[in-house]
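K.L.:
Residue numbers (our numbering), protein chains in the order written: chain A, 174 to 375; chain B, 16 to 288.
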Amino acid sequence: MDTVFGVSYKGGVVIATDQVNARSILMYQQNLDKIAELSSHSAMGVSGPNCDLVNFSEYISKNLALYELSNDGMKLSTHAQANFCRGELAKALRKGPFQVNVILGGYDENVPNGGSLYIMDYLGSCHKVNYGAQGYASNFTLSIMDRDWEEGMNEEQAVKIVEHCIRELNMRFLLNQSNFIIKVVDKDGVRTVKADSDPSDN
Amino acid sequence: MASSGSGYDLSSSTFSPDGRIFQVEYAAKAVENAGTALGLRCRDGVVLAVEKPLQNKMLVAATTGRRIHTVDEHSGVAITGFISDGRQIVNRARDEAINYDETYGTKIPPKTLANRISAYIHYFTLHGALRPFGASTLIASYDPATQQHSLHMVEPSGVTYEYFGAAAGRGRQPARTEMEKLAINPKQADGGEASMIDVAEGVKQLAKIIHSLHDSAKDKPFELEMSWLCEGTGWKHKGVPKDVIASAVEWAKKEIEEAEEESDEEDDEGMEE
Numbered sequence: 174m175d176t177v178f179g180v181s182y183k184g185g186v187v188i189a190t191d192q193v194n195a196r197s198i199l200m201y202q203q204n205l206d207k208i209a210e211l212s213s214h215s216a217m218g219v220s221g222p223n224c225d226l227v228n229f230s231e232y233i234s235k236n237l238a239l240y241e242l243s244n245d246g247m248k249l250s251t252h253a254q255a256n257f258c259r260g261e262l263a264k265a266l267r268k269g270p271f272q273v274n275v276i277l278g279g280y281d282e283n284v285p286n287g288g289s290l291y292i293m294d295y296l297g298s299c300h301k302v303n304y305g306a307q308g309y310a311s312n313f314t315l316s317i318m319d320r321d322w323e324e325g326m327n328e329e330q331a332v333k334i335v336e337h338c339i340r341e342l343n344m345r346f347l348l349n350q351s352n353f354i355i356k357v358v359d360k361d362g363v364r365t366v367k368a369d370s371d372p373s374d375n
Numbered sequence: 016m017a018s019s020g021s022g023y024d025l026s027s028s029t030f031s032p033d034g035r036i037f038q039v040e041y042a043a044k045a046v047e048n049a050g051t052a053l054g055l056r057c058r059d060g061v062v063l064a065v066e067k068p069l070q071n072k073m074l075v076a077a078t079t080g081r082r083i084h085t086v087d088e089h090s091g092v093a094i095t096g097f098i099s100d101g102r103q104i105v106n107r108a109r110d111e112a113i114n115y116d117e118t119y120g121t122k123i124p125p126k127t128l129a130n131r132i133s134a135y136i137h138y139f140t141l142h143g144a145l146r147p148f149g150a151s152t153l154i155a156s157y158d159p160a161t162q163q164h165s166l167h168m169v170e171p172s173g174v175t176y177e178y179f180g181a182a183a184g185r186g187r188q189p190a191r192t193e194m195e196k197l198a199i200n201p202k203q204a205d206g207g208e209a210s211m212i213d214v215a216e217g218v219k220q221l222a223k224i225i226h227s228l229h230d231s232a233k234d235k236p237f238e239l240e241m242s243w244l245c246e247g248t249g250w251k252h253k254g255v256p257k258d259v260i261a262s263a264v265e266w267a268k269k270e271i272e273e274a275e276e277e278s279d280e281e282d283d284e285g286m287e288e
């Protein structure tokens with residue numbers, strides 16, 4: 174039910190998710206941040222039941238922090254982080270699977286175009302993509318991204334695509350996901366571009 | 016020589032009153048008595064060389080007792096000391112490298128590999144039931160992410176440093192003196208990085224060092240094993256081809272002869288005065 178999608182551009186990636194936390198007929202909150210910040214230059218949008226979403230995000234981000242602490246500040250590339258994440262999904266699959274689908278994006282200096290985006294599902298598949306979406310949202314957003322995505326786009330254009338997708342979802346998706354959180358990862362790190370608030374926030 | 020252990024040297028889990036662990040020092044002795052191993056970090060790659068003494072005349076040389084091993088495509092390791100201990104270290108290094116690749120989908124960075132090997136070797140200096148490794152390990156490695164090549168050495172105590180030139184074994188002291196004369200430290204070389212020697216020159220220089228240290232009267236006949244990891248091999252760890260070693264050795268022997276003749280002439284001149 175969660176909407177998670179991402180777009181890469183020349184110089185970074187944009188990841189967007191909805192902010193709904195609900196079960197049955199009850200809406201717990203409308204301001205859940207489903208994009209976990211993994212390291213200084215990477216983030217992961219996660220979809221799935223709240224328990225696994227939170228558990229898995231924290232497990233991966235803390236393990237990646239541990240790597241940096243244990244290895245004298247050495248940073249893992251986005252590719253390495255994605256492989257690690259996929260490995261954990263695969264290991265858990267035949268024991269106690271994490272029911273999460275993930276879009277992991279990051280910025281590396283020595284990668285052409287800087288940004289790289291990886292799409293992973295709960296079965297442990299992993300693909301490097303220019304853009305991707307998880308869940309029902311993919312039915313609505315992939316065609317937009319297929320049409321609008323171009324090689325060598327800048328951040329503004331990438332965010333425009335994301336906003337286009339959000340408008341489409343608001344119009345055509347059965348479930349009302351009015352609040353979205355959008356994060357950008359580029360050479361300056363991870364920053365939140367837009368996050369909507371819950372009525373209970375004030 | 017070294018002071019007597021007198022009771023504090025029976026276990027690697029015992030300190031001496033002056034803060035030494037004798038078992039670890041004795042392990043280092045095992046390395047000091049073994050064939051010389053050298054490593055050189057050149058401008059465009061790393062060269063490893065090991066002197067393999069042929070223990071007795073009945074040995075089928077050229078096939079047995081390999082000292083330099085490939086750990087992963089982009090890393091190689093040279094051992095000296097207890098060769099059987101060295102084999103254990105190589106196996107562990109290979110496990111670490113493969114494990115890292117399977118977890119992170121990337122080749123293990125040189126520093127991480129050196130630290131993993133160092134942690135493994137150090138572990139054996141902590142347990143009373145285990146003995147330290149009697150082997151020093153030289154690690155030549157390349158990091159595809161940063162495009163930097165490097166040379167590390169791990170000693171039996173578990174300490175590891177990165178080196179421009181590293182030496183272990185019998186001839187390490189004179190070898191270090193010789194290596195310091197080579198242009199391998201970009202800070203000391205006049206022209207900076209660009210004037211440093213390349214691997215082709217490195218192979219010749221290491222061959223020369225090993226041959227000049229070898230005393231044919233006292234030491235056993237030996238074989239020279241060399242490997243390199245450089246731009247020329249596509250940053251893969253490979254053995255230096257036999258013909259390249261042969262021509263390096265030929266050059267080395269000539270240089271050594273000429274140097275001896277020069278010093279003989281100087282002696283003569285001195286005597287005339």
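Just so you know, even glycine gets a beta-carbon here, dropped at the ideal spot from N, CA and C.
Please read all numbers here as calculations on a predicted model, not as lab measurements.
Quick check on this structure: which residue in Leu74/B, Ala76/B, Ala93/B and Asp110/B has the alpha carbon closest to the alpha carbon of Ile83/B?
P.N.:
If you number the second sequence from 1, residue 83/B lands on position 68. Of Leu74/B, Ala76/B, Ala93/B and Asp110/B, the residue nearest in Cα terms is Ala93/B.
K.L.:
Pull up the CB-CB distance for Val39/B and Thr140/B, whole angstroms please, since I reckon it's below 8 angstroms.
P.N.:
The residue given as residue 39/B occupies position 24 in the second sequence. The residue given as residue 140/B occupies position 125 in the second sequence. Confirmed, Cβ separation roughly 5 angstroms.
K.L.:
To the nearest angstrom, report how far apart Ala209/A and Asp359/A are at their CA atoms.
P.N.:
Working through the first sequence from its first residue, we reach residue 209/A at position 36. Working through the first sequence from its first residue, we reach residue 359/A at position 186. Rounded to the nearest angstrom, the two C-alpha atoms are 15 angstroms apart.
K.L.:
Rounded to whole angstroms, what is the Cα-Cα separation between Glu328/A and Asp361/A?
P.N.:
Position 155 of the first sequence, counted from the start, is the residue given in the question as residue 328/A. Position 188 of the first sequence, counted from the start, is the residue given in the question as residue 361/A. Distance between the alpha carbons of Glu328/A and Asp361/A is about 13 angstroms.
K.L.:
Can you list the residues of chain B that Ser151/A reaches, using a CB-CB cut of under 7 angstroms?
P.N.:
The structure shown does not extend to residue 151/A, since chain A spans only 174 to 375, so no value can be given for it.
K.L.:
Could you tell me whether any Cβ in chain A is nearer than 8 angstroms to the Cβ of Gly91/B?
P.N.:
Taking the first residue of the second sequence as position 1, residue 91/B is located at position 76. Judged by the 8 angstroms Cβ criterion, Gly91/B is not in contact with chain A.
K.L.:
Classify Gly247/B as helix, strand or coil using the three-state DSSP reduction.
P.N.:
Within the second sequence, numbered from 1, the residue matching residue 247/B stands at position 232. Three-state result, Gly247/B: helix.
K.L.:
Verify the CB distance criterion: does Thr127/B have a CB-CB separation below 8 angstroms to chain D?
P.N.:
Chain labels in this structure do not include chain D; the protein chains are A and B.
K.L.:
Tell me the rounded alpha-carbon separation between Asn223/A and Gln307/A.
P.N.:
Stepping through the first sequence from its first residue, residue 223/A is reached at position 50. Stepping through the first sequence from its first residue, residue 307/A is reached at position 134. In a straight line, the C-alpha of Asn223/A is about 16 angstroms away from that of Gln307/A.
K.L.:
Buried or exposed: Phe30/B, going by 16 or more other Cβ atoms within 10 Å of its Cβ?
P.N.:
As a first step, residue 30/B is located in the second sequence; it is residue number 15 there, counting from the start. Phe30/B comes out exposed.
K.L.:
Roughly how far, in whole angstroms, is the beta-carbon of Ala112/B from the beta-carbon of Val86/B, given that I think they are within contact range, below 8 angstroms?
P.N.:
Taking the first residue of the second sequence as 1, we reach residue 112/B at position 97. Taking the first residue of the second sequence as 1, we reach residue 86/B at position 71. Indeed, because the Cβ distance is near 5 angstroms, the residues count as touching under 8 angstroms.
K.L.:
Could you check where the alpha helix (DSSP H) with Lys67/B kicks off and where it finishes?
P.N.:
Counted from its first residue, the second sequence places residue 67/B at position 52. Note, Lys67/B: premise wrong, no alpha helix (DSSP H); beta strand (DSSP E) at Gly60 to Pro68.
K.L.:
May I ask you to verify whether the stretch 241–260 of chain A touches the stretch 113–128 of chain B, counting CB pairs closer than 8 angstroms and requiring at least 3?
P.N.:
A contact exists between the stretch 241–260 of chain A and the stretch 113–128 of chain B.
K.L.:
For Glu241/A, name the three-state secondary structure that DSSP assigns.
P.N.:
One-based indexing of the first sequence puts residue 241/A at position 68. Three-state DSSP puts Glu241/A in a helix.
K.L.:
Below 8 angstroms on the Cβ atoms is my contact criterion, and I expect Asp59/B with Glu246/B to pass it. Report the Cβ-Cβ distance as a whole number of Å.
P.N.:
Locating residue 59/B in the second sequence gives position 44, where the first residue counts as 1. Locating residue 246/B in the second sequence gives position 231, where the first residue counts as 1. That pair is a contact at about 5 angstroms.
K.L.:
To the nearest angstrom, report how far apart Lys223/B and Glu272/B are at their CA atoms.
P.N.:
What you label residue 223/B is simply residue 208 of the second sequence in a count that begins at 1. What you label residue 272/B is simply residue 257 of the second sequence in a count that begins at 1. So the two alpha carbons sit approximately 11 angstroms from each other.
K.L.:
Check whether the Cβ of Gly308/A lies closer than 8 angstroms to any Cβ atom in chain B.
P.N.:
The residue given as residue 308/A occupies position 135 in the first sequence. Judged by the 8 angstroms Cβ criterion, Gly308/A is not in contact with chain B.
K.L.:
Against chain B, does Leu249/A count as a neighbour if the rule is that its beta carbon must be under 8 angstroms from one of theirs?
P.N.:
Within the first sequence, the letter at position 76 stands for residue 249/A. Yes, because at least one Cβ of chain B sits closer than 8 angstroms to the Cβ of Leu249/A.
K.L.:
Should Ser210/B go down as buried or exposed, given a rule of 16 or more other Cβ atoms within 10 Å for buried?
P.N.:
The sequence position of residue 210/B within the second sequence is 195, counting from 1. It is exposed - the Cβ of Ser210/B has fewer than 16 other Cβ atoms within 10 Å.
K.L.:
What are the start and end residues of the alpha helix (DSSP H) that includes Ser212/A?
P.N.:
The sequence position of residue 212/A within the first sequence is 39, counting from 1. Looking at the DSSP string, Ser212/A is not in any alpha helix (DSSP H); the run it does join, the beta strand (DSSP E), is Ile208 to Ser212.
K.L.:
Does the beta-carbon distance from Val275/A to Gly218/A come in below 8 angstroms?
P.N.:
For the purposes of this step, residue 275/A is identified with residue 102 of the first sequence, where counting begins at 1. For the purposes of this step, residue 218/A is identified with residue 45 of the first sequence, where counting begins at 1. Going by C-beta atoms, Val275/A is nearer than 8 angstroms to Gly218/A.
K.L.:
Could you tell me the distance, in whole angstroms, from the CA atom of Asp110/B to the CA atom of Ser197/A?
P.N.:
As a working mapping, residue 110/B is identified with position 95 in the second sequence. As a working mapping, residue 197/A is identified with position 24 in the first sequence. Rounded to whole angstroms, Asp110/B to Ser197/A spans 48 angstroms at the Cα level.
K.L.:
Round the Cβ separation of Trp243/B and Val264/B to the nearest angstrom and send it over; I've been treating them as touching at under 8 angstroms.
P.N.:
Looking up residue 243/B in the second sequence gives position 228. Looking up residue 264/B in the second sequence gives position 249. 15 angstroms between Cβ atoms; not a contact.
K.L.:
Would you give the residue range spanned by the alpha helix (DSSP H) that Ala108/B belongs to?
P.N.:
Along the second sequence, one-based indexing puts residue 108/B at 93. Unbroken alpha helix (DSSP H) run through Ala108/B: Ile98 to Tyr119.
K.L.:
With contact counted as at least three CB pairs below 8 angstroms, one residue from each stretch, are the stretch 42–49 of chain B and the stretch 196–204 of chain B in contact?
P.N.:
Too few Cβ pairs lie closer than 8 angstroms, so no.
K.L.:
At 7 angstroms on the CB atoms, spell out the chain A contacts of Asn134/B, in chain order.
P.N.:
For the purposes of this step, residue 134/B is identified with residue 119 of the second sequence, where counting begins at 1. According to the sequence provided, residue 134/B is Ala. The question's Asn does not apply to it. Ordered by position in chain A, no residue passes the 7 angstroms Cβ test against Ala134/B, which lies about 10 angstroms from the chain.
K.L.:
Measure from the alpha carbon of Gly149/B to the alpha carbon of each residue in Ile136/B, Gly249/B and Thr161/B, then state which is nearest.
P.N.:
Within the second sequence, residue 149/B is the residue found at index 134, counting from 1. For Gly149/B, the nearest C-alpha among the options comes from Ile136/B.
K.L.:
Quick one: Cα of Val193/A to Cα of His252/B, how far?
P.N.:
Mapped onto the first sequence, residue 193/A falls at position 20. Mapped onto the second sequence, residue 252/B falls at position 237. Cα to Cα, the separation comes out at about 53 angstroms.
K.L.:
Out of curiosity, what's the CA-to-CA distance linking Glu208/B and Tyr178/B?
P.N.:
As a working mapping, residue 208/B is identified with position 193 in the second sequence. As a working mapping, residue 178/B is identified with position 163 in the second sequence. Straight-line Cα distance between these residues: approximately 15 angstroms.
K.L.:
Kindly give me the distance between the Cβ atoms of Ser65/B and Glu240/B, rounded to whole angstroms, as I take these residues to be in contact under 8 angstroms.
P.N.:
As a first step, residue 65/B must be located in the second sequence, where it is residue number 50. As a first step, residue 240/B must be located in the second sequence, where it is residue number 225. According to the sequence provided, residue 65/B is Val. The question's Ser does not apply to it. Correct: roughly 5 angstroms between the Cβ atoms.
K.L.:
Pick from Val357/A, Ser289/A and Ile339/A: whose alpha carbon is nearest that of Asn312/A?
P.N.:
Walking along the first sequence from the start, residue 312/A turns up at place 139. Looking at the Cα atoms, Ile339/A is the closest of the given residues.
K.L.:
Consult DSSP for Val357/A and reduce its assignment to one of helix, strand or coil.
P.N.:
Taking the first residue of the first sequence as position 1, residue 357/A is located at position 184. Here Val357/A sits in strand by DSSP.
K.L.:
Between Asp116/B and Glu88/B, what straight-line distance do the alpha-carbon atoms span, to the nearest angstrom?
P.N.:
As a first step, residue 116/B is located in the second sequence; it is residue number 101 there, counting from the start. As a first step, residue 88/B is located in the second sequence; it is residue number 73 there, counting from the start. Computed Cα separation, rounded: 11 angstroms.
K.L.:
Could you check the C-alpha separation between Val284/A and Asp100/B for me, to the nearest Å?
P.N.:
Working through the first sequence from its first residue, we reach residue 284/A at position 111. Working through the second sequence from its first residue, we reach residue 100/B at position 85. In a straight line, the C-alpha of Val284/A is about 40 angstroms away from that of Asp100/B.
K.L.:
I'd like to know if the stretch 233–242 of chain A and the stretch 332–347 of chain A are in contact, where contact means that at least 3 CB-CB pairs between them fall below 8 angstroms.
P.N.:
In short, these stretches do not touch, since the Cβ pair count stays below three.
K.L.:
Is there a Cβ of chain A sitting closer than 8 angstroms to that of Tyr138/B, yes or no?
P.N.:
Within the second sequence, the letter at position 123 stands for residue 138/B. No, because no Cβ of chain A sits closer than 8 angstroms to the Cβ of Tyr138/B.
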